[in-house]
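K.L.:
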Amino acid sequence: MTKKITIVSHDMLWPFKGGGAVRIIWIVKTLLEKGYNISLIAPILNENEFINHFKLKKTLKIYNLGNIHRFQKGKEFLYIKLGFKIFINLLKVDSNIVYAHNIVSAFPSFIFTRIKKIDLVYDIDDITMGLSKFKLIKKYGPLIEYYVAKKSEKLITMSKSLANFLINKGVKNKFLIAPHGVDFKIFNNQHQKRKNWILYMGGMESHDGVDLIPSAAKIVLKNYPDYKFVFVGDGSQLEKLKHEVKKYGLEKSFIFYSWVNQDKLAEIVNKAKIGLVTHHYSLACDIALVLKGLEYMACGLAVIAPNLKGMVEEIGENNQRGLIFETSNYEDLSEKINLVIKNYKENDVGEKFVRRNHDWMVISKKISNYILS
């Protein structure tokens, strides 16, 4: 029987925002290159730009979910709407395998695949409902994620930490552990003269911990006033972040960019010396292996990250590829930044590690082969 594969994502794929979107695009490209019939259900603002930018085969069938993305306000309610739209579009698709990325896509896909009696491949990055600001969803929502994981025919996790966590929750499926990767055609160490920049890139939601950075910066800048804190991205906490920067009188030491394309992003990363990951603890963040950390390392940045399980897995238990600070502790964050500045050198160890273990070309083939197996 010819494999007809449907890829489902709740992440905005064009213009894309976040590591999940990058993951989906690589999987779609790889499966298309293998010659399979692929249907894609996802939010995309401009289909022609999306296809042309990534040089995707015209055989790709797109079912566009419109302008819905996870950086909008009231996203829990948007996700309910998105779930209905995903299910309706699944009914239009001729498919015998469904791959769904994270629970927002996986739950409607799970219902559809049970009705149609076809396989579901559930790729789970984190415990998404553990991020909700609503206590009931935060408490009981993850139970749905565990249930779908138990019942899916195939399961992919992004980290060993997440796989172990799910096993402890009674998930007995065989796992494929497939972390995020790096596109080395874009993110690579250009070995140029760097600026005194400390970089944060990506989403700026409450769980991302960007609120720690102004307080840490106030301490760091007393010792190193020539350094700048550079932000690339957007989110619900951006205006609050700017307010804190203004309150501390640090406006001249902070630079803000909105979302930029990947080439521009790589250019900015290569100008910086230090890359920050600042997540607070949550079910989702504790076991996540963060894409920005890998892209920092690929470009040779010194990485500073919280002592969450996924980040320790990424950085190394003995700080081989960066420095770990105590989660949510801005004083410890400032101490680690000061230490890196004082002893600064490019992150050769991290760069070599990422090249060995996190090449999207390799990882996307691994995921695609697993979907097809």
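Oh and the sequence shown: position 81 is 68 in our numbering, straight run, nothing missing. C-beta: ideal position from N, C-alpha, C; glycine also.
1) So if DSSP puts I143 in a beta bridge, which residue, or which two residues, is it bridged to?
2) Which complete alpha helix (DSSP H) runs does the region 70 to 126 hold, if anything under 4 residues is left out?
3) For the beta strand (DSSP E) holding P201, just list the boundary residues, first then last.
4) Span of the alpha helix (DSSP H) holding L225?
5) Starting from the C-beta of G287, find all residues in its chain whose C-beta is less than 6 Å away, skip the five residues before and the five after it, and write them out in chain order.
6) Could you have a look at S360 and say whether DSSP puts it in helix, strand or coil?
7) Report, in whole angstroms, the separation of the C-beta atoms of T(-11) and S26, which I expect to be a contact under 8 Å.
8) Could you pull the DSSP bridge partners for T(-7) from this structure?
9) Compute the Euclidean distance between the alpha carbons of K209 and L186, then round it to the nearest angstrom.
10) From the DSSP output, in three-state form, read off W184 for me.
11) Measuring CB to CB, does A285 end up less than 8 Å from V217?
12) Taking just the CA atoms, how far does E132 sit from K161?
13) Under 8 Å by Cβ, that's how I've got I358 and V108 pegged, so tell me the actual separation to the nearest angstrom.
14) Buried or exposed for D319, going by 16 or more other Cβ atoms inside 10 Å?
15) Hey, would you say S355 sits closer than 8 Å to L18, going by beta carbons?
16) Kindly indicate which three-state DSSP category G189 falls into: helix, strand or coil?
17) Going by the beta-carbon positions, is the gap between Q428 and M188 smaller than 8 Å?
18) Just list the residues that DSSP pairs L0 with in beta bridges.
19) Indicate whether L118 and P95 have their beta-carbon atoms separated by less than 8 Å.
20) Mapping DSSP to helix, strand and coil, what is G303?
21) Under the assumption that I154 contacts H88 (Cβ atoms under 8 Å), give the Cβ distance between them as a whole number of angstroms.
22) Check whether the Cβ of L186 lies closer than 7 Å to any heavy atom of the ligand GDP, and answer yes or no.
23) Below 8 Å, how does it come out for the region 196 to 208 and the region 312 to 330: are there three or more Cβ pairs, yes or no?
24) Where in the region 291 to 345 do unbroken runs of the alpha helix (DSSP H), each at least 4 residues long, occur, reported from the N-terminal end onward?
25) For T46, which of F121, N35, V169, N316 has the nearest alpha-carbon?
P.N.:
In this structure, then:
1) In the sequence shown, counting from the first residue as 1, residue 143 sits at position 156. The secondary-structure analysis by DSSP pairs I143 across a beta bridge with D110, L163.
2) 89 to 103
3) If you number the sequence shown from 1, residue 201 lands on position 214. Counting along the chain, P201 falls outside any beta strand (DSSP E), though it belongs to the alpha helix (DSSP H) covering 199 to 210.
4) Here the question's residue 225 lines up with position 238 in the sequence shown. Counting along the chain, the alpha helix (DSSP H) containing L225 begins and ends at 225 to 234.
5) Locating residue 287 in the sequence shown gives position 300, where the first residue counts as 1. The answer, listed in chain order, is N176, E333, N334, E338.
6) As a working mapping, residue 360 is identified with position 373 in the sequence shown. Correct three-state label for S360: coil.
7) Taking the sequence shown and counting its residues from 1, the one referred to as residue -11 is at position 2. Taking the sequence shown and counting its residues from 1, the one referred to as residue 26 is at position 39. Not confirmed; about 13 Å, so no contact.
8) Numbered from 1 along the sequence shown, position 6 holds the residue referred to as residue -7. Answer by DSSP bridge pairing, in chain order: S26, V85.
9) On the sequence shown, position 222 is the one that residue 209 refers to. On the sequence shown, position 199 is the one that residue 186 refers to. Looking at the two C-alpha atoms, the distance is approximately 18 Å.
10) Counting from one through the sequence shown, the residue named residue 184 turns up at place 197. Shown here, W184 sits in a strand according to DSSP, grouped into three states.
11) Translated into the one-based positions of the sequence shown, residue 285 becomes position 298. Translated into the one-based positions of the sequence shown, residue 217 becomes position 230. Cβ distance not < 8 Å, so A285 and V217 don't count as in contact.
12) For the purposes of this step, residue 161 is taken as the residue at position 174 of the sequence shown. For the purposes of this step, residue 132 is taken as the residue at position 145 of the sequence shown. Taking the straight line joining both Cα atoms gives about 16 Å.
13) As a working note, residue 358 is residue 371 in the sequence shown. As a working note, residue 108 is residue 121 in the sequence shown. The pair is a contact, with the Cβ atoms about 5 Å apart (cut-off 8 Å).
14) Numbered from its first residue, the sequence shown carries residue 319 at position 332. Buried.
15) Indexing the sequence shown from 1 puts residue 355 at position 368. Indexing the sequence shown from 1 puts residue 18 at position 31. Going by C-beta atoms, S355 is nearer than 8 Å to L18.
16) Residue mapping note: residue 189 aligns to position 202 of the sequence shown, counting from 1. Under the three-state reduction of DSSP output, G189 falls in the coil class, being neither helix nor strand.
17) It is not possible to answer for residue 428, since the shown part of the chain is limited to -12 through 360.
18) Taking the sequence shown and counting its residues from 1, the one referred to as residue 0 is at position 13. Paired residue(s): F3.
19) Translated into positions along the sequence shown, residue 118 becomes position 131. Translated into positions along the sequence shown, residue 95 becomes position 108. Result no, Cβ atoms of L118 and P95 do not sit closer than 8 Å.
20) The residue given as residue 303 occupies position 316 in the sequence shown. Coil, per DSSP.
21) Along the sequence shown, read from residue 1 onward, the residue named residue 154 stands at position 167. Along the sequence shown, read from residue 1 onward, the residue named residue 88 stands at position 101. I154 to H88, Cβ: 21 Å. No contact.
22) Ligands are entirely absent from the displayed structure, and the ligand GDP is therefore not among its contents.
23) yes
24) 296 to 302, 317 to 329, 335 to 344
25) As a working note, residue 46 is residue 59 in the sequence shown. Among F121, N35, V169, N316, the Cα nearest to that of T46 is on N35.
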